[in-house]
Amino acid sequence: MLIRAGRVIDVAGDRLADIRTGSDGKIVAVEPHLHGRPGEEVFEAGGLLVIPGGVDAHTHLNLPVGAARASDDFASGTIAAAIGGTTTVVDYVTAYRGEEPREALATWRRWAEPAAIDVGLHMTFTEAVSESTVVACIEQGVTSFKLYMAYPDSLQVDDGVILDVMQSAGRHGGLVTLHAENGSAIERLRRQAVSAGRSAVIEHARTRPAILEAEAITRAAALADVAGTPVYIVHVSSAPALAAVRLAQERGISMVAETCPQYLHLNEAVLLGPDGADFVCTPPLREAWHQEELWEGLARGTIHTVATDHCPFTTAERRAGIRGRPEGFADFTEIPGGLPGIETRLALVWEGVNHGRITIADWVRLCAEAPARTFGLWPTKGSLMVGADADVVVWDAAAEQPLTAGALHMRTDHSPYAGRIARGWPRLVLARGRVVSRDGIFCGQAGWGRYLPRSPRPGALG
Ligand code: MN
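The sequence shown begins at 0 in numbering that gives the first Met the number 0 and counts up by one.
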């Protein structure tokens, strides 16, 4: 295929060029004035942007959450991703307590088989593990390890385990990613709220104050410093958390930070509304003023990546809660947390370009290049270099896309952005050279996606 006369933007710059993709699914040429060959499809991209396919480094497809389960599986979720311009996801495997990480990995690999785009996997440990377990994961191309500083009943590990995994991952070129919230303090606040009869949805936010996110990030920075390893903080959601990231970086700690579109566009007031349960995610949505600071963090490079934490549910699943009560959840602690977002990430970050908060180059870096580099996929993913996978998005900055659930493809019946219209949407999306979406219509194939073994020793950005 020949994509002609687009404005091509990636790490190599911002220029008018043509892109030729080969039958091997790779990029074979990026230069001006290529001529079409017999049998070659030509896509005229004049007036459009041409960027590397998006890399979403934080998804939860098919994840069981109590009695509920994330409503997108790897087939439906990756189709929605492709339509929105994301051609690679890195999903989080969870090895629950008492479970063999290699068995959890095998389960996720099986779940991922119907994916329409390429899939890498992170591993989540929920208890202490041996160094040989870390090494076994890295040998299978799983080079990043998530640990939770929150959810003491099920997922949280203590600081000793965090230090231990940082050290063993660090020795073998792995990277630790952290859910940074002080889970033990939050658990107390949640119990206090419930026993005082404060059961409303807004209590989800009130019992998870931003200062306890900042505290955990500061602690994570200290542990990374002692371990002598980089660390990646998932879903930075608040101004105090951002300040903690900045302080760690100023002290010379290699801290890479991620935020998500929901923290850039939504605020906690929605939790007070009749559909408040549809907006429960963790960390919670914050007051509106935090958003400006997070955009600033993106523009300054304090935050390196934007991922989605995609974990959708249907309204009925949310109302039934994690205990699956037909009469509905008893209080805010029973609402399954997570928002849909895998399809709308590029468009919602692009809004920052529309509003002059970030540059077009920032947008490409945040959505594709930086996550690929951080997680050992560069330059095969996240770049348009000759020899890279032909994951290409042709972006129409003038296209208008309603963000209501009915106009999107994620398998859920509500949208956090309902009523908004995004300005900017993909016209054409290629995944390893194959057209997977054209004008918002999926034309790829379930199972086209491959498992992506990732390289150790990622070039950390912080
Ligand atoms: Mn998550």
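Glycine included, every Cβ here is placed at the ideal spot set by N, Cα and C. Everything numeric in this text was worked out from a predicted model, so none of it was measured.
Item	Value
Taking 7 Å as the cut-off, is the beta-carbon of H57 closer than that to any non-hydrogen atom of the ligand MN?	yes
Going along the chain, which residues of its own chain have a beta-carbon closer than 7 Å to the beta-carbon of R101, five neighbours each way excluded?	A135
So, at 6 Å on beta carbons, what are the nonlocal neighbours of S454 in its own chain, with the 5 sequence-adjacent residues on each side left out?	G375
Does the distance from the CB of F145 to the CB of H171 come in under 8 Å?	Per the sequence shown, residue 145 should be read as Lys rather than Phe. Cβ atoms of K145 and H171: not closer than 8 Å.
Taking 8 Å as the cut-off, decide whether the C-beta atoms of S70 and P311 are in contact.	yes
Between which two residues does the alpha helix (DSSP H) holding D224 run?	209 to 226
Measure the C-alpha to C-alpha separation of R317 and G340 and round it to an integer number of angstroms.	16 Å
Is it the case that the CB of Y150 approaches a heavy atom of the ligand MN more closely than 7 Å?	no
What are the start and end residues of the beta strand (DSSP E) that includes L33?	Neither: L33 is in no beta strand (DSSP E) and is coded neither H nor E.
What number of angstroms, rounded off, separates the C-alpha of E212 from the C-alpha of V235?	8 Å
My output table needs one value for F73: the three-state DSSP class, helix, strand or coil.	helix
Near L154, what residues of its chain come up, given a Cβ to Cβ distance below 7 Å and the 5 sequence neighbours on each side ignored?	T125, Y147
Based on Cα-Cα distance, which residue from E138, T176, G182 lies nearest to A149?	G182
Excluding the 5 residues preceding and the 5 following G458 in the sequence, name in chain order all residues of the same chain whose CB lies nearer than 6 Å to its CB.	For G458, the predicted model reports a pLDDT of 47, less than 50, meaning its position is unreliable and no value from the coordinates is stated.
Take every Cβ of the segment 242 to 252, pair it with every Cβ of the segment 187 to 194, and state whether three or more of those distances are shorter than 8 Å.	no
Closer than 7 Å: is that where the CB of D308 sits relative to any heavy atom of the ligand MN?	yes
Tell me where the beta strand (DSSP E) around G119 begins and ends.	117 to 124
Taking the continuous alpha helix (DSSP H) assigned at S167, which residues delimit it?	158 to 170
Starting from L429, trace the alpha helix (DSSP H) both ways and give me its first and last residue.	Not the alpha helix (DSSP H): L429 falls in the beta strand (DSSP E), residues 420 to 430.
Please look up how many angstroms separate the CB atoms of V393 and R426, rounded, as I've assumed it's under 8 Å.	5 Å
Taking the Cβ atom as the reference point for each residue, do D55 and A306 lie within a distance shorter than 8 Å?	yes
Nearest CA to the CA of V255: which residue from W362, R68, T281, T176?	T176
Note down, in chain order, each residue of its chain lying with its Cβ closer than 7 Å to the Cβ of T468, except the 5 sequence neighbours on either side.	Given that the chain is displayed from residue 0 to residue 461, the structure contains no residue 468 and the question cannot be resolved.
Under the rule that 16 or more other beta-carbon atoms within 10 Å means buried, what is I420, buried or exposed?	exposed
Label W349 either buried or exposed according to how many other C-beta atoms from any shown protein chain fall within 10 Å of its C-beta, with 16 as the threshold for buried.	buried
If you reduce the DSSP assignment to three classes, tell me which class L451 lands in.	coil
Counting only the same chain and skipping the five closest in sequence on each side, list residues whose C-beta sits under 6 Å from that of Y43.	Reading off the sequence shown, one finds Glu at residue 43, where the question assumed Tyr. Result list for E43: R3, in chain order.
Please classify G461 as buried or exposed, where buried requires at least 16 neighbouring CB atoms within 10 angstroms.	Annotation note: pLDDT 30 at G461 (below 50); position unreliable, coordinate value reported separately. Buried, since its Cβ has 16 or more Cβ neighbours within 10 Å.
Identify, in the order they occur along the chain, each residue of the same chain with its Cβ nearer than 8 Å to the Cβ of G443, setting aside the five sequence neighbours on each side.	I78, A81, A115, I116, A430, R433, V434, V435, S436
At 3 residues or longer, what runs of the beta strand (DSSP E) sit wholly inside the segment 374 to 423?	391 to 401
Q485 by DSSP, collapsed to three states: which one?	No statement about residue 485 is possible, as the shown extent of the chain runs from 0 to 461 and does not include it.
Who does F331 pair with in a DSSP beta bridge?	Beta-bridge pairing links F331 to no other residue.
Which of the three DSSP states, helix, strand or coil, is assigned to S143?	strand
Near I137, which residues of its chain fall below 6 Å by C-beta distance, leaving aside the five closest residues on each side in sequence?	H171, G173, P455
Give the single residue among G12, A192, L293, V133 whose Cα lies nearest to the Cα of V164.	V133
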